[in-house]
Amino acid sequence: MNGFPDDPKNMPTRLGRRGLFAGSLAFGALAGGRWASVPAAAAALRRTAVPGTVPRLVPMRPHADQIADIKVCLRPFRAAGPRLDVERVGGKVVIHNYGHGGSGWSLSWGSAEMAVGKAAALSPRRVAVVGCGVIGLTTALTAQRAGLDVTIYTRDLLPHTRSVRANGSWTPDSRVALTAPAGPQFADTWERMARYSWKSYRDYLGLPGNPIDFRDSYVLSDTPFDAPEPEPENPDHKGDYATTGMPQQSSEFASYGERIRDIIPASELLSAQENPFAVPYARREPLMIFNFGAYGHLLLSEFYQAGGRIVIREFHTPADMKTLPEPVIINCPGYAARDLWGDRSLIPVRGQTAWLPPQPDVAYGVRYKGASALSKSDGLMIQGFDMSGLGEMDGVGNSFEHADRSEAEKAIGIFENLFARFPAGQG
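Spelled out as structure tokens, the structure:
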């Protein structure tokens, strides 16, 4: 599994907090410890409405009796951030690339660039990639672009991995690390991954099927956005990660969004005259989304067209990898690394999405009362990401991977009520 990019509340806003591969990127280089800014990218992506006018939105039609599917994902969270180190297993060199929390989709290309850079430095002709979630697949493609012959070994193809149980939107620092265990050096690593990934996704915009797209996302609130927000309390907390081995409060999670404000379109606070919802406060922000069907098909097609091979194989221990013919292995098993690699630093973070039939005439998303609704090409997706008021602690340590219909119905009910109050004349 490769991330569950959710919790859009971590998106940076004006109002909120928060050789080929050996050390170089096509779009910028380190300057004074930070990546060079690309302000033109933000300007090109800005979406604005005529000031003082109300956007005419087709109302969503969320009803529990329209649920077509419920998906559950376990984000592979590591307090220190993704595992990107190198080790030897027998005569093989293993490069790890897993543990991206809720940021796997968002950081996949940048993480792949770093892992493949380490592999390319060894000058192999062939490499193996273990795992075919979004991290494994982008890693395989990146290795091909570096001139390597690539074979993916996997138990499941992309459509059946945990990756496609995510919500599929740009959330690059969603529970990707804890500030203290990750340390200050990880912030630079994160920024490198985020900037490289953002540029890579820009190359997929405008293609048939809209594999990568943008949606206007409306964040709604019954109280002013600048009102102080109390720290969500966990009544059972007993210290912090350092003393318990498990995060206990939202404040422990790292927030890096401010580091890429120069390239990410900012949110806009809407006036009462511009607000299309029957909620007193609203802001709008362009949100990058990943349409799983079109994007996954495109990535697999690219991989096969470049001569890639996929072998269906399940590994039970690291020793099983000694039999692979490739001398270098890039290990991308996601949450499965907890059992396969015995990595007990991986903490499950449960997340669930409910999928309703597609609504093609709706081209926006909404976040309200700890739930999000997003219209995508493969369905109207509704998720409760903080309906219990726990903030970033929602789902942490929960490995229950079965669907909870009552949770889905509660999230849907939030939007059913919201759109029942949709102002007359909209749509």
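Residue numbers (the working numbering): 94 to 520. Backbone N, C-alpha and C fix where the C-beta goes; we use that ideal spot for every residue, glycine too. Just so you know, these numbers come straight off a predicted model, no measurement behind them.
Cβ-Cβ separation, residue j to residue i (assumed contact under 8 Å), whole Å
i      : j      : result
Leu439 : Gly192 : 6 Å
Gly199 : Ile228 : In the sequence on display, residue 199 carries Ser and not Gly. Wrong, their Cβ atoms sit about 11 Å apart, outside the cutoff.
Phe515 : Ala365 : About 16 Å separates the two Cβ atoms, so there is no contact after all.
Val151 : Asp497 : Not really, about 29 Å apart at Cβ, beyond 8 Å.
Asp567 : Phe408 : The chain is shown only over 94 to 520; residue 567 falls outside these bounds and no answer can be derived.
Val165 : Arg258 : 6 Å
Ala504 : Ala447 : 7 Å
Pro373 : Val147 : Contact doesn't hold; Cβ gap of about 15 Å is too wide.
Leu380 : Phe307 : 7 Å
Gly427 : Arg295 : Actually they do not touch by this definition, with Cβ atoms about 25 Å apart.
Val187 : Met414 : 7 Å
Phe508 : Ala466 : 5 Å
Leu167 : Arg443 : 6 Å
Ala387 : Asn303 : 6 Å
Buried/exposed call for residue i, threshold 16 Cβ in 10 Å
i      : result
Leu511 : buried
Arg376 : buried
Lys211 : buried
Gly184 : exposed
His189 : buried
Phe493 : exposed
Val269 : buried
Ile356 : buried
Ala522 : Nothing can be reported for residue 522: it is not among the residues displayed for the chain, which extend from 94 to 520.
Glu361 : buried
Ile382 : buried
Lys469 : buried
Pro450 : exposed
Ser293 : buried
Ser402 : Note that residue 402 is Arg in the sequence shown here, rather than Ser. Classification of Arg402: exposed, given that the 10 Å Cβ count is below 16.
Arg149 : exposed
Gly116 : Reliability of the predicted coordinates at Gly116 is poor, the pLDDT of 36 falling under 50, and no value is obtained from them.
Gly126 : In this prediction, Gly126 has a pLDDT of 36, which is less than 50 and means its spatial position is unreliable; nothing more can be read from the coordinates.
Asp479 : buried
Ala513 : exposed
Pro441 : buried
Ala320 : exposed
Ser481 : exposed
DSSP beta-bridge partners of residue i
i      : result
Thr446 : Lys164 and Gln476
Thr247 : Ile405
Gly458 : Ser310 and Leu467
Glu361 : Arg377
Ser47  : Residue 47 falls outside the range modelled here, since the chain spans only 94 to 520, and no answer is possible.
Val421 : Val186 and Val220
His495 : None, per the DSSP bridge assignment.
Glu351 : Partner(s): none; Glu351 has no beta bridge.
Arg181 : Val186
His193 : Phe170
Contact with chain C by residue i, beta-carbon distance below 7 Å
i      : result
Gln476 : Within the model displayed, chain C is absent; a lone protein chain is all it includes.
Best match in the options for proximity to residue i [C-alpha to C-alpha]
i      : options                           : result
Glu502 : Ala513, Asp487 and Gln445         : Gln445
Pro169 : Asp281, Val404 and Gly195         : Gly195
Ser499 : Ile160, Glu395, Val147 and Arg149 : Ile160
Gln341 : Ile163, Pro426, Trp202 and Leu271 : Leu271
Asp162 : Arg248, Asn260 and Phe279         : Asn260
Pro175 : Ala208, Pro148, Arg149 and Cys166 : Ala208
Ser290 : Arg255, Ile305 and Tyr428         : Ile305
Gly197 : Pro411, Ile507 and Arg171         : Arg171
Gly389 : Ala213, Val243 and Tyr297         : Tyr297
Glu206 : Leu250, Pro301, Arg288 and His253 : Arg288
Ser348 : Asp281, Met339, Val442 and Ala213 : Asp281
Val404 : Val489, Arg218, Leu167 and Leu250 : Leu250
Gln398 : Asp242, Gly299, Val442 and Ala513 : Asp242
Val489 : Trp202, Phe346, Thr410 and Ala213 : Phe346
Trp202 : His253, Arg285 and Ala213         : Arg285
Asn491 : Ser344, Ala320 and Met339         : Met339
Pro358 : Glu367, Ser343 and Glu378         : Glu378
Gln278 : Thr410, Ala173 and Gly400         : Ala173
Phe318 : Trp283, Leu363 and Asp333         : Leu363
Gly275 : Thr410, Gly506 and Ala335         : One detail in the question is off: residue 275 reads as Ala in this sequence, not Gly. If we check each option's Cα against that of Ala275, Ala335 comes out closest.
- Message: Contact between the stretch 450–462 and the stretch 216–236 is defined here as three or more beta-carbon pairs at a separation below 8 Å; is this criterion met?
- Response: No, the stretch 450–462 is not in contact with the stretch 216–236.
- Message: Count Cβ pairs between the stretch 342–358 and the stretch 175–182 that sit closer than 8 Å; are there 3 or more?
- Response: In short, these stretches do not touch, since the Cβ pair count stays below three.
- Would you say the stretch 264–274 touches the stretch 237–244, given that touching needs at least three Cβ pairs under 8 Å? The stretch 264–274 is not in contact with the stretch 237–244.
- Message: I'd like to know if the stretch 146–166 and the stretch 467–477 are in contact, where contact means that at least 3 CB-CB pairs between them fall below 8 Å.
- Response: Yes, the stretch 146–166 touches the stretch 467–477.
- Message: When you compare the stretch 419–436 with the stretch 484–491, are there three or more beta-carbon pairs, one atom per stretch, that lie closer than 8 Å?
- Response: With the cut-off at 8 Å, the stretch 419–436 and the stretch 484–491 do not touch.
- Three CB pairs or more closer than 8 Å across the stretch 422–429 and the stretch 209–226: Touching, yes.
- Inter-stretch contact at 8 Å, needing at least 3 Cβ pairs: the stretch 394–401 / the stretch 304–316: The count of Cβ pairs closer than 8 Å, one atom from the stretch 394–401 and one from the stretch 304–316, stays below three, leaving the stretches out of contact.
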